[in-house]
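I have placed the structure first, in the form of structure tokens, so that the comments after it can refer back to it.
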Amino acid sequence: MHIVVVGGGYAGLAAIGEIQRLNTKVTLVDPVHGHELIPELPEALRLHDPIEEHIVPFADVLRDTGVEHIPDRVVSLNSQKREVTLSQGGTVNYDWLVLTPGTVSAYPPIPGLEQHSLPLRNAHDAFRIKARLRETKGQRVVVVGGGLTGTEVAGVLAPDHDVWLVEATPRLLPALGVGLACYARDRLRVAGVMVMLGQKLLRVEDKTLELEHDRISYNVLVWAGGIQAPRWLRNTDLPLDEKGYPRADDRGRITDRIFAAGDVWRVQTDGQEVPQTAQLASMAGRYVGENVIRAIRGEPLAPPFHPSLKGMLISLDPGVGVGWVLRGGIPVRGGSARTLKALSFRQYRLKLSRVFGRGWPFLSMG
Ligand SMILES: Cc1cc2nc3c(=O)[nH]c(=O)nc-3n(C[C@H](O)[C@H](O)[C@H](O)COP(=O)(O)OP(=O)(O)OC[C@H]3O[C@@H](n4cnc5c(N)ncnc54)[C@H](O)[C@@H]3O)c2cc1C
């Protein structure tokens, strides 16, 4: 029996944490060398915060677990042959497959955007942005996209750079309530960020961008305008929805032998899509890992996935954050939100240490 997990992010490691209870062969396929703590990456853009401290090597996490890591990228899969194809042309056969490759940046057809902007989806992107920031210290950084990522990046960079945050809609942070979003906007402005709302990006040129009502210059352009399913899923025989995500049922099952979790599984509760977060990905990974075990044992799958999120927090300027906690959604702002966010990072590392039987401080905080 061979279980293959594609992607060792929040969902993939959570699934492996469950599956390792079975005494069976498990393989992780992931092109990078370690588990990237993506929600920590905006803060790692700060000058004195090494990005490496936000990556936990798979060699450490998986040591003594018997899980093999293949450092390669899946580019296609054939569910009839139960086989995934790797970028170097090799194939890996599976009996059960867990798909957790996350998402990638989406680029709308805006001339020059993909060519001139830098996304922030993983540690590789963070290294590239940081290298450019070093070259252009004190100069202008324009962040496009006022969602969770863009707002956080703007706040983190504000102390060292001339930061502009551009958002097409009239408000920031659609995932939070209006009051919290206004608080975030005001804090960013106090921190020196030029927040431009209701301005669509029309065209990007080298060092200049054209908005609906303005033309502004930039040294570094960060694109935080949206995500989409990985394009390689189109090279598979999986059923996909209109946006290119695999069609999974409410148990995370795509076919009898293939499950999805994390950003790539569009989870709905009460007809509403749940925002893709690390917290949701971890929960879904554990849930799907449990379902793989049940399926292998010929038991009924767990009841449909109904995640109960504990909160959503983002950092603004140093020492200040905003978001909500507890299932009822209690709003938090200021220093307490920032402290709770730091605690949630610590808790995640602690949980990972426990799941993989590593003693604290196996995952030291940077
Ligand atoms: C800048 C930023 C800040 C964020 N902040 C927060 C936050 O504060 N709180 C929060 O809850 N969420 C946050 N998120 C969202 C959160 O990071 C994601 O929802 C979460 O990482 C999704 O987990 P995942 O396991 O689905 O994918 P990921 O964590 O992205 O992991 C996917 C893994 O799959 C691997 N992979 C990709 N393609 C392939 C392939 N073809 N073959 C093999 N392996 C592949 C990747 O290398 C990676 O290791 C943030 C996201 C970003 C980009």
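Position 295, counted from 1, in the sequence shown is what the numbering used here calls 1109; the numbers after and before it change by one each time, with no gaps.
Glycine included, C-beta positions come from ideal geometry on N, C-alpha and C.
Would you mind reading off the limits of the beta strand (DSSP E) that contains residue i?
i: N907; result: T905 to N907
i: M1010; result: M1008 to M1010
i: H883; result: E882 to I884
i: S1031; result: R1029 to S1031
i: D976; result: D976 to V980
i: F1073; result: I1072 to A1074
i: V1181; result: As shown, the chain starts at 815 and ends at 1180. That puts residue 1181 outside it, with no answer to give.
i: K944; result: That residue, K944, is in no beta strand (DSSP E); its alpha helix (DSSP H) goes A937 to E949.
i: T841; result: K839 to V843
i: S1129; result: G1125 to S1129
i: V1146; result: I1144 to G1148
i: W1138; result: G1135 to V1139
i: W1046; result: That residue, W1046, is in no beta strand (DSSP E); it is neither H nor E in DSSP.
Residue i lies in the alpha helix (DSSP H); which residues open and close that run?
i: E966; result: L962 to L971
i: E832; result: Y824 to I833
i: S1096; result: A1092 to R1111
i: R999; result: V992 to V1004
i: L927; result: L927 to H930
Does the beta carbon of residue i fall short of 7 angstroms from some heavy atom of ligand 1?
i: A982; result: no
i: R887; result: yes
i: N1049; result: no
i: G969; result: no
i: N936; result: yes
i: E882; result: no
i: E1019; result: no
i: Y921; result: no
i: L913; result: no
i: D863; result: no
i: V820; result: yes
i: Q1090; result: yes
i: Y824; result: yes
i: T963; result: yes
i: E857; result: no
i: W1037; result: no
i: G1125; result: no
i: G1135; result: no
i: I852; result: yes
i: V875; result: no
i: G916; result: yes
i: E1056; result: no
Based on the DSSP secondary-structure assignment, which residues constitute the bridge partners of residue i?
i: N892; result: E897
i: S919; result: I1041
i: R1017; result: E1024
i: L1035; result: V956
i: E854; result: Partner(s): none; E854 has no beta bridge.
i: I869; result: E850
Taking the alpha-carbon of residue i as reference, which of the options has the nearest alpha-carbon?
i: L986; options: L1157, V912, N837 and L1130; result: L1130
i: I1068; options: L1054, D1077 and G1076; result: L1054
i: V1134; options: R948, K1155 and N1033; result: K1155
i: I869; options: T965, L1140 and Y824; result: Y824
i: P1118; options: M1126, A1062 and R1160; result: A1062
i: G959; options: L911, N936, W1037 and L947; result: W1037
i: L851; options: L994, E867, A1075 and A873; result: E867
i: A1098; options: G964, V889, I865 and L913; result: L913
i: T1022; options: K951, E966, S1096 and V955; result: V955
i: L1025; options: R1045, Q1086 and V957; result: V957
i: I865; options: R877, F941, V840 and H930; result: F941
i: L900; options: A972, L842, V1139 and G1149; result: L842
i: G880; options: I830, R1065, G821 and S1150; result: I830
i: V1007; options: Q1042, P973 and A920; result: P973
i: L934; options: G926, G964, D1064 and G1058; result: G964
i: I884; options: V818, R948 and E832; result: V818
Expressed to the nearest angstrom, what Euclidean distance is found between the alpha-carbon atoms of residue i and residue j?
i: A828; j: F1170; result: 10 angstroms
i: G1180; j: R1152; result: Residue placement at G1180 cannot be trusted, given a pLDDT of 44 that sits under 50; what the coordinates show is reported in the next sentence. Spanning the two alpha carbons is a distance of roughly 16 angstroms.
i: L1157; j: E854; result: 12 angstroms
i: R1111; j: L1011; result: 53 angstroms
i: N892; j: G904; result: 13 angstroms
i: N936; j: Q1013; result: 27 angstroms
i: G1103; j: A1075; result: 9 angstroms
i: D1000; j: V992; result: 12 angstroms
i: G848; j: F1159; result: 17 angstroms
i: E857; j: K895; result: 43 angstroms
i: L932; j: E1113; result: 46 angstroms
Check the Cβ-Cβ distances between residue i and every residue of chain C, and say whether any is below 8 angstroms.
i: P923; result: In the structure shown, chain C cannot be found, because there is only a single protein chain.
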